[in-house]
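What follows is a single structure, written as structure tokens, with notes after it.
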Amino acid sequence: MAESTTHQRPLTGWDKPELDLSNAQWQSSSRGLGDVQIAFVEGFIAMRNSGSPESPSLIFTPAEWGAFVSGAREGEFDLT
């Protein structure tokens, strides 16, 4: 099979700056449930798996984060 010649975007960032997360103040759920942590860094929201903090973090703009939180509150991501 021939290799694709299309340029693939890196999995981190997509048109977002490379953020230094080394000193980020990571926050867990107030109830301590789940493995997700978030940090507010340079006007963006970073989200990571607390069980694998060395793994890449997802980076959201404030608008993206708002849409994600609204969808979660409305059950958009619930298993059916």
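Residue numbering for the sequence shown follows the numbering used here, starting at 20 and increasing by one per position.
Heads up, the beta-carbon is just placed ideally off N, CA and C, and yes, glycines get one too.
Just so you know, these numbers come straight off a predicted model, no measurement behind them.
Backbone secondary structure at residue i - three-state DSSP
i     : result
ALA58 : strand
ALA43 : coil
LEU77 : strand
PHE63 : strand
Range of the contiguous alpha helix (DSSP H) that encloses residue i
i     : result
ALA91 : 81-92
Any chain E beta carbon closer than 8 Å to residue i
i     : result
ILE64 : The structure shown contains no chain E; it is built from a single protein chain.
Close-in-space but distant-in-sequence residues of the same chain around residue i (CB under 8 Å, 5 per side omitted)
i      : result
GLU123 : Shown here, the chain extends from 20 to 99; a query on residue 123 therefore has no answer.
Cβ separation of residue i and residue j, assumed to be a contact under 8 Å, to the nearest whole Å
i     : j     : result
GLN56 : SER69 : 5 Å
Beta-carbon contacts of residue i that lie in its chain and below 7 Å, excluding the five residues immediately before and after
i     : result
PHE63 : LYS35, LEU38, ILE78, PHE79 and THR80
C-beta atoms of residue i and residue j nearer than 8 Å
i     : j     : result
SER76 : LEU98 : no
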